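Under numbering that gives the first Met the number 0, the first residue of the sequence shown is numbered 0, with each subsequent residue one higher. Glycine included, every Cβ here is placed at the ideal spot set by N, Cα and C. Keep in mind it's a predicted model, so treat the numbers as computed, not measured. A quick write-up on the structure given underneath.
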Amino acid sequence: MNQQGVPHCLLCHREEGVILPPIWTRTHEVVCPRCGHFFMSFEAVLSMQALTLPQKAPLMAVLREREILGLKPLTVTISTDYGIPQETFAKTIPEKVDRLLVNLSRLAPDAGNKYALDPERDFPLGHCTNRSGLEHVRDILVSSGWLERDKTDDSLHRLTLAGWARAGELQKGAIDSSTVFVAMSFKPEWDGAWKDGIRPALEEDCGYKALRVDAVEHTEDINDRIIAEIRRSKFMVADFSSNPGGVYLEAGFEMGLGRTVIWTCQDDDERKKALHFDISHYNFIFWKDPEDLRTRLRDRILALFGEGPRPKAVGDGGTDHG
Ligand SMILES: [Zn+2]
Numbered sequence: 000m001n002q003q004g005v006p007h008c009l010l011c012h013r014e015e016g017v018i019l020p021p022i023w024t025r026t027h028e029v030v031c032p033r034c035g036h037f038f039m040s041f042e043a044v045l046s047m048q049a050l051t052l053p054q055k056a057p058l059m060a061v062l063r064e065r066e067i068l069g070l071k072p073l074t075v076t077i078s079t080d081y082g083i084p085q086e087t088f089a090k091t092i093p094e095k096v097d098r099l100l101v102n103l104s105r106l107a108p109d110a111g112n113k114y115a116l117d118p119e120r121d122f123p124l125g126h127c128t129n130r131s132g133l134e135h136v137r138d139i140l141v142s143s144g145w146l147e148r149d150k151t152d153d154s155l156h157r158l159t160l161a162g163w164a165r166a167g168e169l170q171k172g173a174i175d176s177s178t179v180f181v182a183m184s185f186k187p188e189w190d191g192a193w194k195d196g197i198r199p200a201l202e203e204d205c206g207y208k209a210l211r212v213d214a215v216e217h218t219e220d221i222n223d224r225i226i227a228e229i230r231r232s233k234f235m236v237a238d239f240s241s242n243p244g245g246v247y248l249e250a251g252f253e254m255g256l257g258r259t260v261i262w263t264c265q266d267d268d269e270r271k272k273a274l275h276f277d278i279s280h281y282n283f284i285f286w287k288d289p290e291d292l293r294t295r296l297r298d299r300i301l302a303l304f305g306e307g308p309r310p311k312a313v314g315d316g317g318t319d320h321g
């Protein structure tokens, strides 16, 4: 209870939070529309008062997700991390988008089901710290074609077919099922292989997003950004035509994660000879021109993975970061 005697959540202070009076112990039981169902020790109630809402957001997200999953309510204490493992809290916007999508798929678990999303109440569903954060993440889901809002009541949301496919993939493993990392040279002579070969094969023919991050070709280093993108991607297309060291490193990293690398190289004797012996026995696509690369890459991807979850891009929809 607060001073006015209105029940409010001991974690987020939302007034609809119901606190069940402690009977045997000094531990409070709370049922909050925002934070879910949990217990909190008397000492934790006191120490929570010093924390801001953003500081408490990871706890709120973890507790609310546990409720959605039907897991046993946990007790917030004053021990390390307040007794709740919070390392699953999403920190980047793409991760938050994924969390919100998966949580909505659990809250409205049948095709066509709608969920009345209230950003003020539901920001923990997107691992956000406030209402506007959740609205931003929701808008990304809508503009990506994974979520749609009801035309007459825009608080009602439901997943699209592509949204269901993505939510299913995300729950199978912590990967971004729609993105494929492309490791290749950024030199202008390979623009054709990218623009007319790899990118349209992925985006226009197969329904994946092709992500190319400019690798540093002449250093024995791949940066944190590239590692993060590789970790998230479903598989990798690695083109060794220009034999850059960065591509070897990136492909090796992907294989270390136990994921698939599709190996490509221009069909040219000199270039083939230049391949390191340790990869030359992989099942390379040796391509004659970008059109040939596009066709054969498409066939390989569809054979290995089937179609991706994204609406197929029409022309020039590529994503370049560099
Ligand atoms: Zn709460």
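According to DSSP, what are the bridge partners of residue i?
i    : result
I18  : V29
A115 : L155
In chain order, what residues of the same chain have a beta carbon less than 7 Å from the beta carbon of residue i, not counting five sequence neighbours either side?
i    : result
P308 : A161, A164, R165, E168, S176, S177, G206
I226 : F252
K90  : none
G191 : P289
L116 : R137, S154, H156
Q170 : V101
E134 : P118
E64  : N102
G111 : R157
Looking only at its own chain, which residues have a Cβ that is under 8 Å from the Cβ of residue i, when we skip the five neighbours before and after it?
i    : result
I197 : V181, M183, A209, V236, D238, T263, L292, R293, L296
K55  : L10, C11, M47
R299 : I261, I284
M254 : V260
T26  : F38, M39, S40, F41, T74
F88  : A56, P57, A60, V61, H126
W189 : M183, D238, S240, S241
K113 : A107, D149, L155, H156, R157
V52  : This sequence places Leu at residue 52; Val is not what is there. Excluding sequence neighbours, L52 sits near C11, T128, N129.
A302 : none
Can you list, in chain order, the residues of its chain with a C-beta nearer than 6 Å to that of residue i? Leave out the 5 residues immediately preceding and following it.
i    : result
A214 : Legend: pLDDT at A214 = 49, less than 50; position of this residue unreliable, value from coordinates given subsequently. The residues are G245.
L70  : none
F252 : I229
H12  : none
E203 : K311, A312
E219 : Residue placement at E219 is poorly supported in this model, since its pLDDT is 48, which falls under 50; the coordinates still yield a value, given next. Cβ neighbours of E219 beyond the five flanking positions: none.
E28  : L19, F38
E66  : G35, H36
S142 : none
Y247 : none
A200 : R293, L296, R297
A273 : N242
L68  : none
Can you list every residue whose CB sits closer than 6 Å to some heavy atom of ligand 1, going in chain order? Residues with a Cβ closer than 6 Å to any heavy atom of ligand 1, in chain order: C8, L10, C11, R13, G16, C31, R33, C34.
Fully enclosed by the stretch 126–201, which alpha helix (DSSP H) runs are 4 residues long or longer? List check, alpha helix (DSSP H) in window: 130–142, 160–171.
In chain order, which beta strand (DSSP E) runs of at least 3 residues are fully inside the stretch 227–306? Unbroken beta strand (DSSP E) stretches of 3 residues or longer found wholly inside the stretch 227–306: 232–238, 260–265, 284–286, given in chain order.
Three CB pairs or more closer than 8 Å across the stretch 42–60 and the stretch 114–133: Contact between the stretch 42–60 and the stretch 114–133 is present: three or more C-beta pairs spanning the two stretches fall below 8 Å.
Specify whether the stretch 144–153 and the stretch 97–117 touch according to this definition: at least 3 beta carbon pairs, one from each stretch, less than 8 Å apart. Segments in contact, yes.
Can we say the stretch 259–268 touches the stretch 230–246, given the rule of at least three CB pairs closer than 8 Å? The answer is yes - the stretch 230–246 touches the stretch 259–268, with three or more Cβ pairs under 8 Å.
For the structure I just gave you, are there three or more beta carbon pairs, one from the stretch 221–231 and one from the stretch 158–168, closer than 8 Å? The stretch 221–231 makes no contact with the stretch 158–168: fewer than 3 CB pairs, one atom from each, lie closer than 8 Å.
Run through the stretch 35–98 for me and flag every whole beta strand (DSSP E) of 3 or more residues, listed as ranges in chain order. Counting only runs of 3 or more, we get 35–40.
Pair every Cβ in the stretch 70–85 with every Cβ in the stretch 38–47, then say whether three or more of these pairs are closer than 8 Å. With a cut-off of 8 Å on Cβ pairs, the stretch 70–85 is in contact with the stretch 38–47, counting three or more such pairs.
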